[in-house]
Amino acid sequence: MKLSMIGTGYVGLVTGVCLANCGNDVVCLDVDKAKIEKLKGGKSPIYEPGLDDLLERNISSGRLRFSTDAFESHKDADMIFICVGTPSDERGHTDMKYIHSAADQIAEVLIKLGPAAKSKVVVVKSTVPVGTSIMVRNRIREKVGAEIKFEIANNPEFLKEGAAIDDFNKPDRVVCGVENEATGQRMRDLYDPFVRNGHPIYIMEILSSEMVKYASNAMLACKISFINEMANLCEAYGANVTRVREGMCADKRIGNQFLYPGLGYGGSCFPKDTLACIMMGEKAGVPTPVNKAVHELNQGQRDRFFNKIMSHFKAKDAPGGLSGKTLAFWGIAFKPKTDDIREAPAITLMRKALGYGAKCKAFDPVANENARRDLGPAVDIVDDMYSAAEGADALIVATDWDEFKSPDFDRLAKLMKGKVIFDGRNLYRPQQLADNKFSHYSVGRAPVVSG
Ligand code: NAD
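Numbering (the numbering used here), first residue to last: 945 to 1395.
Structure, rendered in structure tokens:
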């Protein structure tokens, strides 16, 4: 099939590359010229394991091309995928400006092609408030008139950054919302190669398909906030959340995924998607107390962790608190194996610490460049985890990258000014830190205070 992607971010690029890799002819379009130039040169603008290889292979086979020209990108396409961002605006509503511009761009191309052109399927892949795909259809229809043929579909994406290629190639399920049987069959034909493992393709009506994405993300966010609430109760009553988690997750009905206590969720999806559920509820007059609690708890989890840092230093050298202290951060990305720093807990904590007069040093295996762009010179971002710790009064572990899991504590003790670790991802056993004479604060477990 001939396909075009509008937006070459985490979703558009991975979708384009994986669809090209199984034989389709794909053009990826973006308004960001620098991104497209980089991609034309075979370089990925994002970090995603396995992406560079596939990019190179499919560019050289001629199946994958990049463009900033909408007409060139879409003119031959059987399907046009809208993969633009749908961030929250300052009130928490979904900002639809990229969706609108994508719809208008498609309408212009369809008008140029005229009524004789074959009917294309416009596929909304971005995560969108329920009703958006129909709005996109109506917006295009109003501009192109009744003569020009096209179909609309919704096809939410469930990939996880850091495992995006695998997730796309072996999805647990594919969900497609369509308005007729024929479009459903076209979507099925496209995705058949990805479900050879027997996993299902669900064809349903568009409004349900849009809702599947929100329901899935809201549920996952809910699991994270739930275990964090339990961790906070564990702290208050002296229980150990690691033991509680083991005991609880052994129940098959509960399972053990997405039940890790820590700094809460970040990234470009869960925060905005829970907010979008709340906003959809407000618009329809439907209460959404669960989503509201999930969101509030998640925001509060960062404050709660920051307060542990504050109380440690206030207790030690009142009244100065954090002023003049150096905090080292291990991990900036919102989760391991990605360079995405959107809504990352580390960024929130660093901004807070800077506000209290602390100095921050930070290291992330792949997100340093994005962090430098976001934080500017306020944070000293270094290229090695031990350099970050050098001279620091405390170390904060904000992302659970593998390389932070078994550090050389002797080396750390020699490098650091203060022997304190704030372990936002529960990477270390408290006893391990006590043995190494470090103070250790984690989530849902008793602190270790070494003298
Ligand atoms: P992103 O911000 O990384 O990429 C969006 C891209 O679209 C940008 O490169 C931007 O320049 C481009 N763009 C915007 N308007 C355009 C236009 N009119 N024409 C061409 N290009 C345009 O976003 P993302 O993380 O890939 O997310 C895209 C959508 O997919 C969102 O709705 C998101 O919620 C959803 N989603 C994201 C993930 C994820 O893990 N990132 C997973 C599932 C679903």
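Glycine included, every Cβ here is placed at the ideal spot set by N, Cα and C.
Residue range of the unbroken alpha helix (DSSP H) whose run includes residue i
i	result
Ile1421	Residue coverage of the chain in this structure runs from 945 to 1395, which leaves residue 1421 outside it and unanswerable.
Asp996	Leu995 to Ser1004
Lys1087	Thr1076 to Val1088
Val958	Tyr954 to Asn965
Leu1356	Phe1353 to Leu1359
Gly1299	Pro1289 to Gly1299
Leu1319	Asn1312 to Leu1319
Phe1112	Ala1108 to Asn1113
Lys1349	Run containing Lys1349: none; DSSP gives neither H nor E here.
Thr1232	First-last for Thr1232: undefined, no H or E at that position.
Tyr1330	Met1329 to Ala1333
Glu981	Lys977 to Lys984
Val1185	Val1185 to Cys1193
Rounded separation between residue i and residue j - CA only
i	j	result
Pro1391	Ser1383	7 Å
Glu1334	Met1360	5 Å
Lys1093	Ser948	17 Å
Glu1052	Ala1046	10 Å
Pro1205	Val1188	11 Å
Ser1212	Pro1031	7 Å
Asn1380	Lys1216	40 Å
Asn1176	Phe1249	10 Å
Gly986	Lys1196	45 Å
Glu981	Thr952	12 Å
Lys1019	Val1323	46 Å
Asp1048	Ala1090	16 Å
Ile1026	Ile950	5 Å
Leu995	Ile1003	12 Å
Val958	Pro993	11 Å
Gly1320	Gly1299	15 Å
Leu1103	Thr1071	12 Å
Val1341	Phe1010	38 Å
Ile990	Arg1373	33 Å
Met1040	Leu1219	14 Å
Ile1150	Val1393	55 Å
Outcome for residue i when other beta-carbon atoms lying within 10 angstroms are tallied against a minimum of 16
i	result
His1256	buried
Pro1233	exposed
Gln1198	What sits at residue 1198 in the sequence shown is Ile, not Gln. Ile1198 is exposed by the Cβ-count criterion.
Asn1314	buried
Ala978	exposed
Lys1303	buried
Asp1033	exposed
Tyr1181	exposed
Gly1058	exposed
Gln1129	exposed
Tyr954	buried
Met1294	buried
Gly1388	buried
Gly1106	buried
Arg1369	buried
In DSSP terms, what residue i is bridged to
i	result
Asp1020	Looking at the DSSP assignment, Asp1020 forms no beta bridge with any residue, so it has no partner.
Lys1305	Ala1272 and Asp1324
Met1148	Gly1121
His1239	Answer is none; His1239 lacks a bridge partner.
Ser1383	Val1364
Thr1038	Ser1032
Phe1278	Bridge partners of Phe1278: none, in fact.
Val1392	His1384
Phe1025	Met949 and Val1067
Where the beta strand (DSSP E) containing residue i begins and where it ends
i	result
Cys972	Asp969 to Leu973
Leu1008	Leu1008 to Ser1011
Met949	Lys946 to Ile950
Asn1098	Phe1094 to Asn1098
Lys1064	Lys1064 to Val1068
Gly1340	According to the sequence shown, residue 1340 is Ile rather than Gly. Taken as a continuous stretch (DSSP letters only), the beta strand (DSSP E) holding Ile1340 covers Ala1338 to Val1341.
Minimum Cβ-Cβ distance from residue i to chain C less than 8 Å
i	result
Cys1221	Any reference to chain C falls outside this structure, which holds one protein chain only.
- Query: Does the stretch 1084-1098 come close enough to the stretch 1118-1127 that 3 or more CB-CB pairs lie under 8 Å?
  - Reply: yes
- Task: Report yes or no: do the stretch 1214-1226 and the stretch 956-972 share at least 3 C-beta pairs separated by less than 8 Å?
- Result: no
- Counting pairs of beta carbons, one from the stretch 1304-1315 and one from the stretch 1237-1257, are three or more of them closer than 8 Å? no
- Message: So, does the stretch 1134-1152 touch the stretch 1335-1353, judging by three or more C-beta pairs under 8 Å?
- Response: no
- Task: Check whether the stretch 1150-1159 touches the stretch 1354-1369, counting contact only when three or more Cβ pairs, one atom from each stretch, lie closer than 8 Å.
- Result: no
- Task: Spell out a yes or no on whether the stretch 1079-1091 and the stretch 1100-1117 are touching, meaning 3 or more CB-CB pairs, one atom from each, closer than 8 Å.
- Result: no
- Item | Touch test, the stretch 1261-1276 against the stretch 1319-1332, Cβ-Cβ under 8 Å, three pairs minimum | The stretch 1261-1276, when compared against the stretch 1319-1332, does touch it at the 8 Å Cβ threshold.
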